[in-house]
Structure formats: C-alpha cells, structure tokens
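Worksheet: one structure, shown below.
Residue numbers (my numbering): -9 to 156.
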C-alpha cells in the first residue's frame, strides 16, 4: 500500500484570484468594516465605485462572508468565556452535537483531531449558566465527557488575517 493514510485531508477549494489591492482591502476591512467606500478608496488610491465593485466581487466569490459588529461581552451580559472539549462515542454523535448551534451561548463549534472530538467556544452569563449548558451537552446520547477551560483574561481575539502576498 503506497498511499499515505496518516495525513490530514482538507477540502480542496478553488482559491479566488486576489491581487495586492484585494489583499490590502481585506486587511483594512478586517480591522474596520464600517469604513465608507470613499475612505477605503482614499487608503487604496482607488475611486469609491472601484472599491464598491471589488467588495461586491469578493462577496460573490465568498471571500467576504459577512459584516458583523464586534460586541463587548461584558456589556451585553455574557462575561464568562469558556472552551469546552467534547468527547463522543462515534462520529454520528459528533454530528448530533451540531444541534447546539441553536443555543445563543455557543459561539463556535469545531470538529478537531486529538484527544477530543469537538471544541466549543461559549460565552455565558456566569458559572451557573455554563453549568446549565454542560447539562444540555451531557444529555446528548453518545456523549462521553467534557473538559471545560474558563478564560481568565482574553488577550487577543480576531478573525483570520489575509495574506498580503501570494
């Protein structure tokens, strides 16, 4: 058997062609998506309509997947940030845990390689609401365990940064 089976497979995705202006535009938008097209154009040395067309194209190609406001979790009543490692008895159970995406406390759900099957990023009001969330997870058939890590101080939270060159 010549095939190497010990490699992590990733989905092959057709990469859109991004020029230097696209990459700079993405870096600026990643920092502040509220800037006007005219301000973006000033920074990129392009006209506002040219920037608008680039943004439209980047959205249609799926490079820009949305524009959201970053909220201060303390000011909206969700100061407790935690990461939960979830263990399951099978991949079928792992898929059933995706039902947790309907819960507002759950920010991210990832299947992972390693000691756990899944990793959840959650923000709750307090330890009692975290415990209630853990009870929901524990009620899922085929679930075998969790390990919770409560964040004391977040030092950096941001989305992916575009590569500025190929």
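Here a beta-carbon is modelled for each residue, glycine too, at the ideal position from N, C-alpha and C.
Need the endpoints of the alpha helix (DSSP H) that residue i sits in, please.
i, result
"residue 83", "81 to 86"
"residue 78", "From DSSP, residue 78 is part of no alpha helix (DSSP H) but of the beta strand (DSSP E) over 70 to 78."
"residue 28", "27 to 34"
"residue 49", "38 to 50"
"residue 93", "Run containing residue 93: none; DSSP gives neither H nor E here."
"residue 119", "117 to 128"
Here's a check: name, in chain order, each residue in its chain whose Cβ is nearer than 8 Å to the Cβ of residue i, leaving out the five neighbours to either side.
i, result
"residue 128", "136"
"residue 10", "154 and 155"
Could you tell me the alpha carbon to alpha carbon distance between residue i and residue j, rounded to whole angstroms?
i, j, result
"residue 90", "residue 114", "14 Å"
"residue 73", "residue 59", "22 Å"
"residue 13", "residue 153", "7 Å"
"residue 76", "residue 66", "27 Å"
"residue 36", "residue 95", "41 Å"
"residue 33", "residue 55", "22 Å"
"residue 48", "residue 15", "10 Å"
"residue 22", "residue 62", "15 Å"
"residue 112", "residue 126", "13 Å"
"residue 93", "residue 78", "19 Å"
"residue 43", "residue 50", "10 Å"
"residue 106", "residue 40", "46 Å"
"residue 88", "residue 30", "38 Å"
"residue 4", "residue 52", "11 Å"
"residue 119", "residue 98", "17 Å"
"residue -4", "residue 102", "Summary for residue -4: the model assigns pLDDT 49, below 50, so the residue's position carries little reliability; its value from the coordinates is reported in the next sentence. Roughly 15 Å between the two C-alpha positions."
"residue 124", "residue 7", "43 Å"
Please list the terminal residues of the continuous beta strand (DSSP E) segment that includes residue i.
i, result
"residue 21", "Per DSSP, residue 21 belongs to no beta strand (DSSP E); it is in the alpha helix (DSSP H), 10 to 21."
"residue 97", "96 to 101"
"residue 110", "108 to 114"
Can you name, in chain order, every residue of its own chain whose Cβ lies under 6 Å from the Cβ of residue i, other than the five neighbours on each side?
i, result
"residue 100", "109"
"residue 117", "none"
DSSP puts residue i in a beta bridge; with which residues?
i, result
"residue 138", "74"
Ordered along the chain, which non-local residues of its own chain (more than five positions away) have a Cβ less than 7 Å from that of residue i?
i, result
"residue 28", "38"
"residue 141", "71 and 72"
"residue 57", "23"
"residue 148", "none"
The segment 78 to 89 contacting the segment 118 to 133, beta-carbon criterion three pairs below 8 Å: Touching, yes, given that three or more Cβ pairs across the two stretches are closer than 8 Å.
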